[in-house]
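The numbers in numbering that gives the first Met the number 0 rise by one with no breaks, and the one at position 56 of the sequence shown is 55. Backbone N, C-alpha and C define an ideal beta-carbon position, used for all residues, glycine too. First up is the structure itself, then whatever we jot down about it.
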Amino acid sequence: MKIFREKDYDAMSRRAATVIAGEIVHNPACLLGLATGSTPEGAYKYLVDWYKQGLISFRGVLSVNLDEYKGLEPSHDQSYRYFMQSNLFDHVDIAPENTRVPDGLTKDALAFCAGYDAYIRAQGYVDLQLLGIGRNGHIGFNEPGDCFVKETHVVDLTESTIDANARFFATRDDVPRQAFTMGIGPIMAAKKILLIASGEEKAEAVYNTICGAVDPHCQGSILQLHPDVVMVADEAALSKVIAAGVKV
Ligand code: PGA
């Protein structure tokens, strides 16, 4: 794993955006795996800026998102489809039909998940997968548990995730209890992974991901087995790793 240690959130965001922009420049028809949450917002701002300056284009890019709340319609302002439209898609030249975010209102979840995996496989897998990390070590919405689930599936969100995401909703009760998430299989099949983290509250998860045993109770730890992971994190997120004496 290659680790970029950045001073703060803005430097982390800029560095992460350069990795994504580099992929787009080298491979204009790439399949990008995209993530939502507070962590990637800054990187998306840089990408929109660079698009507006004419430095990059998303014209040939395909995208597939990691996850979506089950039960939220795409127009809901906390849905991940809404997040992607307002933070990236509406501001760049990506073709709407080239973007995929799980549909939170899907009725036949099993068929939908199988189709999502089949689409990713048919494209020859994701070229660059962007990942945030949960305070509990989740990647996508793959929550801590006794195993790594390979396929895209519906997951029950843990109390820790519901607590973490309650800040986006009017009340904690409004946070959906289930979500669709890309499984560990398609994530690990990505040719390259860009893992981003910011803030002290991620320090434990980052430490377990980088330095812990490969253990489904920290789903991010599986990334130690991937041959091409770039981690971009700020000093607060790396604080436990740094305190342990690991050179980053
Ligand atoms: P965050 O979420 O970026 O909002 O902290 C990350 C995640 O849960 O994967």
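Next on the checklist: Our contact map puts I132 next to L194 with C-beta atoms below 8 Å; I'd like the distance itself, whole angstroms only.
Outcome noted: 7 Å
Checklist entry - Between V47 and the rest of its own chain, which residues show a CB-CB distance below 7 Å, the 5 nearest in sequence each way excluded? => result L87, H90, V91
Checklist entry - Contact check, D9 vs G41 under 8 Å by CB: the rounded distance? => result 6 Å
Checklist entry - Per DSSP, D155 is paired with what? => result Q177
Checklist entry - What span of residues does the beta strand (DSSP E) with A32 cover, start to end? => result Correcting the residue type first, residue 32 is Gly in the shown sequence and not Ala. 30 to 33 is the span of the beta strand (DSSP E), which, as asked, contains G32.
Checklist entry - Nearest-angstrom Cα distance between R99 and S37? => result 20 Å
Checklist entry - What are the residues that DSSP puts in a beta bridge with D89? => result According to DSSP, which records beta bridges pairwise, D89 is partnered with nothing at all.
Checklist entry - Is the CB-CB distance between Q177 and K106 below 7 Å? => result no
Checklist entry - Shorter than 7 Å from the beta carbon of S62 to some beta carbon of chain C? => result No chain C is part of this structure, which consists of one protein chain only.
Item to check | Close-in-space but distant-in-sequence residues of the same chain around D66 (CB under 7 Å, 5 per side omitted) | outcome: Y79, P101, G139, F140, A178, F179, T180, M181
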